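Enquirer:
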Amino acid sequence: MTVRLSLNISPCPNDTFMFDGLINGRIDTRGYSFEVNYFDIEELNRRVMGERDCSGSSEGSARSGCSRSSVSSGCSTRSSHAISSARPSISKISYAVLPEIASAYTVLDSGSALGHGNGPLLVARAGFGREREFSVSSDFKVAVPGIHTTANMLLKRLFPGLTDRTPVLFSDIAPAVARGEFDAGVLIHEGRFTFRDHGLELVADLGVEWERATRGMGGNAASATESAAHGVGVAAPHVERSGLPLPLGAIVASRDLPPGVVRDVEELIRRSVEYAFAHPAESREFVKSHAREMDDDVIDSHIALFVNENSLSLSPAARLAVRELTGVEI
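For the sequence shown, the numbering used here assigns the number 1042 to the last residue and increments by one with no breaks.
1. Are F998 and D732 closer than 8 Å when you measure CB to CB?
2. Per DSSP, which residues does R877 bridge with? Please list them.
3. Excluding the 5 residues flanking D976 on each side, which residues of the same chain have their C-beta closer than 8 Å to its C-beta?
4. Taking its Cβ as the centre, do 16 or more other Cβ atoms sit within 10 Å of D876, making it buried, or is it exposed?
5. Indicate whether the contact test is met: 3 or more Cβ pairs, each with one atom in the region 878-889 and one in the region 897-906, closer than 8 Å.
6. Evaluate contact between the region 745-754 and the region 856-863, counting only Cβ atoms and requiring at least three cross-stretch pairs below 8 Å.
7. Is G903 near the ligand ADP, with its Cβ less than 7 Å from a heavy atom?
8. Roughly how many angstroms lie between the CA atoms of F746 and E812, to the nearest whole one?
9. Can you check DSSP and say which residues form a bridge with V999?
10. Please report the straight-line C-alpha distance between G911 and G892, rounded to a whole angstrom.
11. Give, in chain order, every unbroken run of the beta strand (DSSP E) that is at least 3 residues long and sits entirely within the region 877-928.
12. Under 8 Å by Cβ, that's how I've got R738 and E1021 pegged, so tell me the actual separation to the nearest angstrom.
13. Hey, V748 and Y817 are a contact pair by Cβ (cut 8 Å); roughly how many whole angstroms apart?
14. List the residues that DSSP assigns as beta-bridge partners of G961.
15. Below 8 Å, how does it come out for the region 830-842 and the region 861-868: are there three or more Cβ pairs, yes or no?
16. Can you look up S1023 in the DSSP assignment and give me helix, strand or coil?
17. Name the residue from G1039, R983, I981 whose alpha carbon lies nearest to the alpha carbon of T959.
18. Could you have a look at T862 and say whether DSSP puts it in helix, strand or coil?
19. In angstroms, rounded to a whole number, what distance separates the CA positions of A1033 and G955?
20. Alpha carbon to alpha carbon, how far is P723 from L826?
21. Would you report the Cα separation of P725 and Y987, rounded to the nearest angstrom?
22. On the DSSP letters alone, give me the boundaries of the beta strand (DSSP E) that I1011 sits inside.
23. Where E1005 and I1011 are concerned, what is the direct C-alpha to C-alpha distance, given to the nearest angstrom?
24. With DSSP as the reference, label N720 as helix, strand or coil.
25. Does the Cβ of A798 have 16 or more other Cβ atoms within 10 Å, making it buried, or fewer, making it exposed?
26. Between the alpha carbons of R716 and R924, how many angstroms are there, rounded?
27. Can you tell me which of the three DSSP states A816 falls into?
The structure is reproduced here in structure tokens:
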């Protein structure tokens, strides 16, 4: 008998890299089948909160980041038992939304995206302003990739004076800032690697600022480029750090699911990540089919920064970081 679950993830490279093995049958799903949908991170957050901001028109879907595609994965058998609800069974979320959904969802030990000394980027047009001005001014208009995102939570925490924040689809932020529609923007996903192509400059890496703010709390942590040891990106020396890793995205499971199903899915995701690390080239076509930026170096850099040891299993420092950021124990 096949147990069928709904699975919502984003189309960004770190998610598609991690889930390639599970979605495309490269690992044994052990009787589980997944109905997979791809959404912008803010739409993922809305859906686990029981909200949905998609109209039936193509314009509405594009603006809100609604699903571009849906696929079924896993082995099919003659007998199938569906576990579904209005909210997804399994979903990617921003850690920032965890306090609002903790009663309905539990964070899985596998599949998370955490940064070490890197995170969302606050950028502006070249020559517009510097970090000091942004720290003290409340006059700047800033585009953020969603009200419920970790990027927006970090901006409020680290730059509390920036109160004029407007949610914009993540892929539209850099062009909008370049056109002068906003004074600055917070970039996530591939945009953090390509902003200079739009004539923008870095104001602050919110991951670096987070590490400074949590200095002395996390002990020594390795650079995120440790994932290169698994065949992703370019190897870099071990770096001693004293701040906490930055919790960006998590995979959560509905508390309505039986505990045994949750444990099984957690292990399947871990095995899918292990497979991706062991066979990085095999996922490239799948990753590119969903990526906004097709350049291999951009894709490699994205994966290397955010898919690491904490994607396999959350470390004690990662769990402490989640508590520090959200106030929720996991």
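All C-beta atoms in this analysis are idealised placements derived from N, C-alpha and C, irrespective of residue type, glycine included.
Computed from a prediction, not measured in an experiment: that's the story for all the values here.
Expert: Reading off the structure:
1. yes
2. V854
3. R742, Y744
4. exposed
5. yes
6. yes
7. The ligand content of the structure shown is nil, which means the ligand ADP is not present either.
8. 25 Å
9. Beta-bridge pairing links V999 to no other residue.
10. 11 Å
11. 896-899, 912-917
12. Not really, about 21 Å apart at Cβ, beyond 8 Å.
13. Going by Cβ atoms, the distance from V748 to Y817 rounds to 18 Å, so no, they are not a contact pair.
14. S806, A825
15. yes
16. helix
17. Reading off the sequence shown, one finds Pro at residue 959, where the question assumed Thr. Ranking the options by Cα distance to P959, first place goes to G1039.
18. helix
19. 9 Å
20. 17 Å
21. 15 Å
22. Premise fails: I1011 lies in the alpha helix (DSSP H), 1008-1018, not in any beta strand (DSSP E).
23. 7 Å
24. strand
25. exposed
26. 44 Å
27. coil
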